[in-house]
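Those letters in the sequence shown? Residues 18 to 392, by our numbering. Below is one structure, written out as structure tokens; comments come after it.
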Amino acid sequence: MTATAPGALSGIRIVDFSRILAGPYATMLLSDFGAEVTRLERPNVGDDTRGWGPPWHEGESTYFLGLNRNKRSIAFDLTSEADRAMAHELIAEADVVVENFRPGTLERYGFGYEQLATDHPALVYCSVTGFGSDKGAHLPGYDLIAQATGGLMSITGHPDTGPAKVGVAMVDAITGVHAALGIQTALIHRLRTGEGQRVEVNLLSSVLASLTNQVSGHILTGNVPGLMGNAHPSIAPYQPVHTADRPLAVAAANDKQFGALCHALHRPALIDDPRFRTNTDRSTHREALIEELEDVFRTQGADHWFSVLVDAGVPAGPINDIGQAIDFAENLGLSPVVMPSDEPQGTGVAQVRNPIRLSRTPATYRTNPPKLPTR
Numbered sequence: 018m019t020a021t022a023p024g025a026l027s028g029i030r031i032v033d034f035s036r037i038l039a040g041p042y043a044t045m046l047l048s049d050f051g052a053e054v055t056r057l058e059r060p061n062v063g064d065d066t067r068g069w070g071p072p073w074h075e076g077e078s079t080y081f082l083g084l085n086r087n088k089r090s091i092a093f094d095l096t097s098e099a100d101r102a103m104a105h106e107l108i109a110e111a112d113v114v115v116e117n118f119r120p121g122t123l124e125r126y127g128f129g130y131e132q133l134a135t136d137h138p139a140l141v142y143c144s145v146t147g148f149g150s151d152k153g154a155h156l157p158g159y160d161l162i163a164q165a166t167g168g169l170m171s172i173t174g175h176p177d178t179g180p181a182k183v184g185v186a187m188v189d190a191i192t193g194v195h196a197a198l199g200i201q202t203a204l205i206h207r208l209r210t211g212e213g214q215r216v217e218v219n220l221l222s223s224v225l226a227s228l229t230n231q232v233s234g235h236i237l238t239g240n241v242p243g244l245m246g247n248a249h250p251s252i253a254p255y256q257p258v259h260t261a262d263r264p265l266a267v268a269a270a271n272d273k274q275f276g277a278l279c280h281a282l283h284r285p286a287l288i289d290d291p292r293f294r295t296n297t298d299r300s301t302h303r304e305a306l307i308e309e310l311e312d313v314f315r316t317q318g319a320d321h322w323f324s325v326l327v328d329a330g331v332p333a334g335p336i337n338d339i340g341q342a343i344d345f346a347e348n349l350g351l352s353p354v355v356m357p358s359d360e361p362q363g364t365g366v367a368q369v370r371n372p373i374r375l376s377r378t379p380a381t382y383r384t385n386p387p388k389l390p391t392r
């Protein structure tokens with residue numbers, strides 16, 4: 018085993034009541050930087066994601082394993098008086114509580130924010146919900162439902178096949194990032210004032226915020242965007258194009274890049290074509306533009322054109338599967354896969370790297386995700 022250096026959040030203690038993805042993802046991000054996270058899980062059952070498979074790794078759900086490194090788990094039955102007393106002892110020594118129960122549930126057992134803040138005024142208390150704690154409090158918070166009701170599916174998909182969800186629980190992950198940011202912001206405020214506070218995030222608000230230019234366009238103009246497949250509503254070319262073997266993503270987002278693209282394809286006449294002179298022109302005549310470009314792209318394979326466009330300074334990339342994406346990151350020196358440093362040789366569970374890099378207090382990968390707590 019190898020000792021690890023203290024992280025930026027060393028000394029911060031988190032009691033984690035949360036389950037499934039958004040809350041555990043937030044606490045994992047914080048644990049990577051040294052926070053001490055204690056998960057409270059149902060005895061002999063644990064987090065729902067422990068049963069979400071396939072795939073499995075040595076009998077454990079890879080879903081759970083991907084969200085819970087650097088933590089410990091304790092068996093906790095909310096209906097047990099002894100377990101509630103144990104949880105209160107942990108909270109008395111903690112800096113942060115994270116929970117994603119339906120609003121009102123923890124209050125019935127004495128773990129609501131107002132109840133805990135009375136005895137622990139410096140406590141940072143983060144609640145993760147699906148649709149807020151007001152009129153949407155009764156709605157269950159699942160990523161698919163948030164993608165549907167939050168508008169994401171209405172712009173993801175193709176006009177011929179209809180709306181589609183993103184291929185991973187992206188709204189949960191974004192909400193987890195928002196939760197981690199909110200917790201750290203509240204901790205900074207506490208450092209300055211000594212005051213704790215409640216942090217609230219929800220899936221619906223997170224997906225609306227993440228729609229960025231699409232939601233801004235609607236708020237400011239009333240425009241309601243629809244399905245465009247892989248095309249962009251405001252930039253062209255900014256989508257996959259067909260080549261001789263597999264698609265290649267091309268993002269010529271300004272006039273200079275478009276000019277470089279045309280020269281790389283030996284089609285300089287397209288630069289002065291009245292249909293394509295400006296980005297607005299290109300967006301208006303997107304279908305004609307893509308047809309012109311694909312006439313050339315179909316003469317060679319994606320790897321050939323990727324090399325040509327990179328050399329020409331045109332943003333482009335092959336559409337990799339996940340295995341290829343990991344290899345691509347590895348080839349760029351990003352070392353995307355990490356192993357825990359404090360586990361015995363040969364017993365570590367491989368994980369994807371935390372994307373945040375700090376020069377002085379980097380993320381550390383210390384322990385495997387915890388085993389199921391039993392009684």
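Where a beta carbon is used, it is the ideal one built from N, C-alpha and C, also for glycine.
Endpoints, alpha helix (DSSP H) assigned at residue i
| i | result |
| --- | --- |
| N247 | N247 -> no alpha helix (DSSP H), and no H or E assigned at all. |
| I252 | Counting along the chain, I252 falls outside any alpha helix (DSSP H), and DSSP gives it neither H nor E. |
| V325 | 319-329 |
| R207 | 187-210 |
| Q362 | Careful: Q362 lies outside any alpha helix (DSSP H) and carries neither H nor E. |
| V232 | 229-238 |
| D160 | 160-166 |
| G40 | 39-49 |
Integer Cβ distance of residue i from residue j, believed to fall under 8 Å
| i | j | result |
| --- | --- | --- |
| A190 | V216 | No, A190 and V216 are not in contact; Cβ-Cβ is about 17 Å, not under 8 Å. |
| P357 | G365 | 5 Å |
| L38 | G147 | Not really, about 12 Å apart at Cβ, beyond 8 Å. |
| S35 | V141 | Going by Cβ atoms, the distance from S35 to V141 rounds to 14 Å, so no, they are not a contact pair. |
| A281 | L326 | 6 Å |
| K182 | T192 | Not quite, the Cβ-Cβ distance comes to about 15 Å (not below 8 Å), so this is no contact. |
Cross-strand partners of residue i (DSSP beta bridge)
| i | result |
| --- | --- |
| N219 | T146 |
| H74 | E77 |
| H175 | G179 |
| P335 | L265 |
| K388 | None; K388 has no bridge partner. |
| Q341 | None, per the DSSP bridge assignment. |
| V241 | Answer by DSSP bridge pairing: none, since V241 is not bridged. |
| V355 | Q368 |
Endpoints, the beta strand (DSSP E) within which residue i is located
| i | result |
| --- | --- |
| L265 | 265-268 |
| L57 | 53-58 |
| I31 | 30-33 |
Proximity to residue i [Cα-Cα], best of the options
| i | options | result |
| --- | --- | --- |
| Y42 | V369, E131, P157, A111 | V369 |
| A111 | T178, T96, F118, L133 | L133 |
| S376 | Q256, F50, R30, I37 | F50 |
| S251 | R299, G318, W73 | R299 |
| V267 | Y80, D344, L310, G246 | L310 |
| I29 | A139, S35, L57 | A139 |
Unbroken alpha helix (DSSP H) runs of length 4 or more, entirely within the region 90-155: which are they? DSSP runs (the alpha helix (DSSP H)) wholly in the region 90-155: 98-109, 130-136.
Could you give the uninterrupted runs of the alpha helix (DSSP H) lying entirely in the region 268-306, keeping only those of 4 residues or more? 272-281, 296-301
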